[in-house]
């Protein structure tokens, strides 16, 4: 370990330092993580590069560890399979939204114990609920793909919406209302109303209800 500013520097602190610096909105987050270098990080922490290598082997090792920290934010689970699976999915979604840089890194980084653990728990819940093997397989992938795909789309949209006025101006200029009246009505709905739907949870509940019907069939 290395003492920096009177504090012991541990691997977790290095990972949290980089992850914390990556919080926020817009493309700047991805550029910040993508532009990360061991030399720059060592300078921010007041270290020599070789001292930093005592805690993380490489940039890839560091990014793997950062995603592991996000995955380690586990939920509490009780009761039947549906509320337990819902808790896993909501926790993973909420953690990724809090750490927006993690959504793009998640499919690219090597999985470690913190990422394997919720997979194991999810599969155990499906097995304990007596899902047939083929339905359990579909259930596992439906839930995990909803977490990853929906959350990434939600984050991408939030980043694009930083210039919401310009985005809607381009839409009206490029998309004919005569040819696409329902699309225009949908856009007006979002412009004229403050929508606070839990869209992730809404779709998740549709998935879980459908899986329960498949399990009981």
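In our numbering, the protein residues as written are 84 to 300. Where is the CB? At the ideal position from N, CA and C, for every residue including glycine.
Assign residue i to one of two classes, buried (16 or more other C-beta atoms within 10 Å of its C-beta) or exposed (fewer than that).
i	result
residue 199	exposed
residue 289	exposed
residue 280	exposed
residue 291	buried
residue 241	exposed
residue 303	Because the chain here runs from 84 to 300, residue 303 falls outside it and cannot be looked at.
residue 169	buried
residue 182	buried
residue 226	buried
residue 274	exposed
residue 176	buried
residue 149	buried
residue 201	buried
In chain order, what residues of the same chain have a beta carbon less than 8 Å from the beta carbon of residue i, not counting five sequence neighbours either side?
i	result
residue 147	192, 193, 195
residue 114	With a pLDDT of only 47 at residue 114, under the threshold of 50, the placement of this residue in the model should not be trusted; the figure read from the coordinates follows. So no residue of the chain qualifies.
residue 286	229, 233
residue 190	231
residue 300	none
With distances taken Cα to Cα, identify the nearest neighbour of residue i among the options.
i	options	result
residue 172	214, 152, 223, 236	223
residue 231	185, 155, 300, 248	185
residue 271	139, 296, 248	248
residue 165	213, 139, 258, 239	213
residue 174	284, 266, 257	284
residue 162	144, 211, 293, 203	211
residue 236	293, 282, 294, 144	282
residue 188	251, 203, 145	145
To which residues of the same chain is residue i closer than 6 Å at the C-beta, ignoring the five residues directly before and after it?
i	result
residue 197	151, 154, 155
residue 220	none
residue 255	none
residue 179	185, 186, 234
residue 297	218
residue 239	none
residue 294	222
residue 260	267
Give me, in chain order, the residues of the same chain whose beta-carbon lies closer than 7 Å to that of residue i; leave out the 5 immediate sequence neighbours on both sides.
i	result
residue 205	168, 171, 223, 226
residue 266	258
**Q.** Complete runs of the alpha helix (DSSP H) confined to the stretch 245 to 300 [at least 4 residues]
**A.** DSSP runs (the alpha helix (DSSP H)) wholly in the stretch 245 to 300: 247 to 257, 264 to 275, 282 to 299.
**Q.** Every unbroken beta strand (DSSP E) inside the stretch 156 to 235 [3 residues or more]
**A.** Within the stretch 156 to 235, not a single complete beta strand (DSSP E) segment reaches 3 residues in length.
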